[in-house]
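A.B. asks: Attaching a single structure in structure tokens format; questions to follow.
Chains as they are written, first to last, in the numbering used here: chain E, 302 to 629; chain B, 302 to 629.
This is how it looks when you write it as structure tokens:
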């Protein structure tokens with residue numbers, strides 16, 4: 302089959318279409334003809350050789366997809382040839398075909414395109430996991446979502462509003478991105494380039510007023526994050542885009558405010574965890590996807606032959622929402 | 302009634318016996334004749350003016366006691382005059398009489414003295430809360446308990462061994478203290494004054510091998526704690542005796558190992574929380590206290606007129622286990 306492979310022959314890594322052996326489904330897996338896949342930041346890291354591929358995962362990039370079931374393993378019970386499915390992959394989305402455990406697949410709701418469906422799994426499952434499983438968000442709490450216009454950010458805004466009736470605060474770096482966040486239901490949108498988000502929150506909402514923070518930035522925001530957290534607040538680190546090291550750690554507020562700080566990732570979780578997360582998300586939120594109350598924010602769609610342009614757009618932080626590849 | 306009060310007339314705070322109004326029980330409270338109380342580190346802070354008294358709490362020191370029910374409020378259903386009880390107080394133990402919500406009291410098991418019973422609530426409820434409620438310890442996990450010979454330390458060793466069949470590692474600062482920890486069931490006891498605890502754990506147990514850490518030290522141990530934590534490990538800060546500030550925070554391991562860092566305290570929890578914790582502890586562990594499988598470690602017993610000597614002993618870190626006051 303055809304697949305996009307990392308070519309290092311020029312001295313720097315470039316995606317090139319090439320031939321790769323067709324994957325073989327395990328007894329509990331579906332072989333799927335990929336119709337669309339979506340970019341994730343991990344793709345850029347993996348392409349550069351900085352993201353180890355988990356044991357047993359496909360070496361091909363691509364952590365999510367939407368497509369059509371081609372064949373099924375003998376133990377598969379819920380799907381058959383021709384079904385339209387989407388879901389998380391441990392790798393392999395940048396290809397004509399991929400395999401996925403039946404328990405990681407979800408049926409594509411009516412009226413949803415392949416491109417829309419492909420943009421859902423990573424961001425919505427990450428947001429759901431981060432806010433609910435890890436952050437233990439409760440009805441009506443106040444949530445701060447950094448990088449609000451990112452894929453996970455836009456998903457988290459919708460999950461927080463639609464499922465937990467939360468008060469949502471976001472940070473983003475342009476007025477277009479802030480507007481997008483507001484359209485999705487954000488209550489307070491802060492431009493981190495022109496304002497100190499902690500000061501704005503203290504003025505507009507109150508001091509120590511945030512129950513849950515979804516953070517992708519890490520060290521540069523640590524002190525301000527701790528400062529705005531409320532009693533029993535939780536800070537969830539899903540990424541460290543701004544760096545991991547800070548020179549000023551003060552534990553006093555962690556103890557005084559009884560804070561919880563947790564790091565989490567989705568990709569290195571085991572199959573059982575991903576199956577449980579997928580199942581719970583499908584039961585809880587797929588109706589809202591079907592009724593368009595929850596929708597993936599699609600930034601742009603590229604033919605998979607233009608993958609380098611797509612990667613460049615993500616690398617430059619030009620996207621608001623998901624970047625999709627199709628045309629496999 | 303007589304009580305021990307803080308006297309600042311000499312320019313430094315000293316405990317002196319004096320007169321204080323008798324407390325009046327609320328409808329759901331017991332008035333208890335105190336027979337024994339126990340010291341806590343918070344007593345020293347409060348005496349020095351560095352520990353704010355929670356709203357509604359007695360200004361008198363003393364966070365736990367054992368005694369005899371004198372009278373009961375009209376809504377009390379489980380206890381009557383003459384019953385022997387012990388439990389957590391939000392203050393008021395250093396006195397002839399105190400009040401306690403019925404739901405915070407536990408019956409003193411047969412064969413347990415007032416002095417033994419008074420040494421149980423703070424340390425065992427803190428240890429139970431820290432290990433199970435906050436640290437979410439699971440059967441057979443590996444636990445690192447710093448200050449293993451302290452009141453909370455000796456309680457945590459027993460809770461971890463008796464209730465959760467854990468592998469227990471402790472740190473302490475003398476061979477006597479390490480022996481005490483071993484007698485209580487500790488598997489690996491490390492002298493932090495002569496050895497690097499992280500190195501010893503890595504040699505004896507393995508790298509990234511600790512599931513739950515109970516920490517009272519804070520900043521000086523932060524980096525080593527993070528280093529020995531296993532995947533999905535949890536570090537619970539119950540105190541910051543060694544300081545709150547460190548200059549070197551690296552978040553990378555928090556994300557990579559999916560760690561949880563939590564601060565917790567017991568005293569500033571609300572009444573409902575303390576009642577739930579007391580009830581669950583009594584249901585789970587009081588049988589083991591009665592059968593002496595779990596026992597408070599009593600360092601020493603002082604007449605309450607010798608309270609200054611008792612405080613000095615704690616201040617100098619000379620105690621292994623609880624320091625008790627009686628003779629009220």
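The beta-carbon is built from N, C-alpha and C at its ideal position, and this holds for glycine as well.
Just so it is clear, the structure is predicted and the values come from calculations on it, not from any experiment.
Closest Cβ-Cβ distance between residue 527 of chain B and chain E: below 8 Å?
C.D. replies: Cβ-Cβ to chain E under 8 Å: no for residue 527 of chain B.
A.B. asks: How far does the beta strand (DSSP E) with residue 243 of chain B in it extend, from its first residue to its last?
C.D. replies: Summary: the structure shown does not reach residue 243 of chain B, with chain B confined to residues 302 through 629, and so no result is reported for it.
A.B. asks: Using C-beta distances below 8 Å, list every residue in its chain close to residue 502 of chain E, excluding the 5 sequence neighbours before and after it, in chain order.
C.D. replies: If we look at residue 502 of chain E and ignore the five residues flanking it on each side, its Cβ neighbours are 445, 470, 489, 491, 510, 511 and 529.
A.B. asks: For residue 514 of chain E, I'd like the list of residues in its chain whose CB is within less than 6 Å of its CB, leaving aside the five on either flank, ordered along the chain.
C.D. replies: If we look at residue 514 of chain E and ignore the five residues flanking it on each side, its Cβ neighbours are 445, 526 and 536.
A.B. asks: Going by beta carbon distance, what residues of the same chain come within less than 6 Å of residue 421 of chain E, once the five residues before and after it are set aside?
C.D. replies: These residues qualify, in order along the chain: 597.
A.B. asks: To the nearest angstrom, how far is it from the Cα of residue 499 of chain E to the Cα of residue 566 of chain B?
C.D. replies: Approximately 25 Å between the Cα atoms of the pair.
A.B. asks: Please state whether DSSP places residue 530 of chain E in a helix, a strand or coil.
C.D. replies: Residue 530 of chain E falls in the strand class under three-state DSSP.
A.B. asks: In its own chain, which residues sit with a C-beta less than 6 Å from the C-beta of residue 518 of chain B, not counting the 5 before and 5 after it?
C.D. replies: Closer than 6 Å at Cβ, skipping near neighbours: 447, 542 and 543.
A.B. asks: Under 7 Å Cβ-Cβ, which residues of chain E neighbour residue 551 of chain B?
C.D. replies: In chain order: 545 and 546.
A.B. asks: Can you list, in chain order, the stretches of the alpha helix (DSSP H) that have 4 or more residues and sit fully within the segment 311 to 340 of chain B?
C.D. replies: Counting only runs of 4 or more, we get nothing.
A.B. asks: Which partner residues of residue 623 of chain B appear in the DSSP bridge assignment?
C.D. replies: Note: residue 623 of chain B sits in a beta bridge opposite B/599.
A.B. asks: Excluding the 5 residues preceding and the 5 following residue 609 of chain B in the sequence, name in chain order all residues of the same chain whose CB lies nearer than 7 Å to its CB.
C.D. replies: Result list for residue 609 of chain B: 315 and 316, in chain order.
A.B. asks: If residue 406 of chain B sits next to residue 386 of chain B, beta carbons under 8 Å apart, how far is it from one beta carbon to the other, in whole angstroms?
C.D. replies: Correct: roughly 4 Å between the Cβ atoms.
A.B. asks: With contact counted as at least three CB pairs below 8 Å, one residue from each stretch, are the segment 322 to 330 of chain E and the segment 365 to 382 of chain E in contact?
C.D. replies: Yes, the segment 322 to 330 of chain E touches the segment 365 to 382 of chain E.
A.B. asks: Would you check if the segment 586 to 595 of chain B and the segment 566 to 582 of chain E touch, i.e. whether three or more CB-CB distances between them fall below 8 Å?
C.D. replies: They do not touch, by the three-pair rule.
A.B. asks: If you reduce the DSSP assignment to three classes, tell me which class residue 495 of chain B lands in.
C.D. replies: The answer is coil: DSSP assigns residue 495 of chain B none of H, G, I, E or B.
A.B. asks: Measure how close the beta-carbons of residue 393 of chain E and residue 363 of chain E come, nearest whole angstrom, since I'm counting them as under 8 Å.
C.D. replies: With 8 Å as the limit, residue 393 of chain E and residue 363 of chain E qualify as a contact, their Cβ atoms being about 6 Å apart.
A.B. asks: Cβ closer than 7 Å: which chain B residues qualify as neighbours of residue 559 of chain E?
C.D. replies: Result: 564, 565 and 566.
A.B. asks: To which residues of the same chain is residue 383 of chain E closer than 7 Å at the C-beta, ignoring the five residues directly before and after it?
C.D. replies: Excluding positions up to five away in sequence, the list reads 369 and 370.
A.B. asks: Which residue spans inside the segment 434 to 466 of chain E form an unbroken beta strand (DSSP E) run of at least 3?
C.D. replies: DSSP runs (the beta strand (DSSP E)) wholly in the segment 434 to 466 of chain E: 443 to 446.
A.B. asks: Do we get a CB-CB distance below 8 Å when we pair residue 515 of chain B with the residues of chain E?
C.D. replies: So, not an interface residue.
A.B. asks: Buried or exposed, going by whether 16 or more other CB atoms sit within 10 Å of the CB of residue 476 of chain B?
C.D. replies: Counting Cβ neighbours within 10 Å, residue 476 of chain B comes out exposed, since fewer than 16 surround it.
A.B. asks: Going by beta-carbon coordinates alone, are residue 538 of chain B and residue 345 of chain B separated by less than 8 Å?
C.D. replies: Result no, Cβ atoms of residue 538 of chain B and residue 345 of chain B do not sit closer than 8 Å.
A.B. asks: Report the rounded CA-to-CA distance for residue 568 of chain B versus residue 557 of chain E, giving the unit in angstroms.
C.D. replies: Whole-angstrom Cα-Cα distance: 11 Å.
A.B. asks: Taking the alpha-carbon positions, what's the residue 524 of chain E to residue 486 of chain E distance?
C.D. replies: Their backbone Cα atoms lie some 27 Å apart in a straight line.
A.B. asks: Going along chain B, which residues have a C-beta under 7 Å from residue 519 of chain E?
C.D. replies: Under the 7 Å cutoff, chain B gives 552.
A.B. asks: For residue 313 of chain B and residue 600 of chain B, what's the separation of their Cα atoms in angstroms?
C.D. replies: Straight-line Cα distance between these residues: approximately 27 Å.
A.B. asks: With distances taken Cα to Cα, identify the nearest neighbour of residue 496 of chain E among E/478, E/473 and E/561.
C.D. replies: If we check each option's Cα against that of residue 496 of chain E, E/473 comes out closest.
A.B. asks: Given a cut-off of 8 Å, decide if residue 333 of chain B and residue 409 of chain B are closer than it, judged by their beta-carbon atoms.
C.D. replies: No; because the gap between Cβ atoms is not below 8 Å, this pair is not in contact.
A.B. asks: Comparing the C-beta of residue 541 of chain B with each C-beta of chain E, is any distance below 8 Å?
C.D. replies: Answer yes: the Cβ-Cβ gap between residue 541 of chain B and chain E drops below 8 Å somewhere.
A.B. asks: Report yes if the C-beta distance between residue 579 of chain B and residue 418 of chain B is below 8 Å; otherwise report no.
C.D. replies: The answer is no: Cβ separation not under 8 Å.
A.B. asks: Quick one: using the 10 Å Cβ neighbour count with 16 as the cut-off for buried, is residue 516 of chain E buried or exposed?
C.D. replies: Buried, since its Cβ has 16 or more Cβ neighbours within 10 Å.
A.B. asks: Give me the subset of the segment 437 to 463 of chain E whose CB atoms are less than 7 Å from a CB atom of chain B, sorted by chain position.
C.D. replies: Answer in chain order: no residues at all.
A.B. asks: List, in order along the chain, the chain B residues whose C-beta lies closer than 7 Å to that of residue 556 of chain E?
C.D. replies: Neighbours of residue 556 of chain E on chain B, chain order: 538, 541, 564 and 566.
A.B. asks: Quick one: using the 10 Å Cβ neighbour count with 16 as the cut-off for buried, is residue 412 of chain B buried or exposed?
C.D. replies: It is exposed - the Cβ of residue 412 of chain B has fewer than 16 other Cβ atoms within 10 Å.
A.B. asks: Under the three-state reduction of DSSP, which class applies to residue 354 of chain E: helix, strand or coil?
C.D. replies: Here residue 354 of chain E sits in coil by DSSP.
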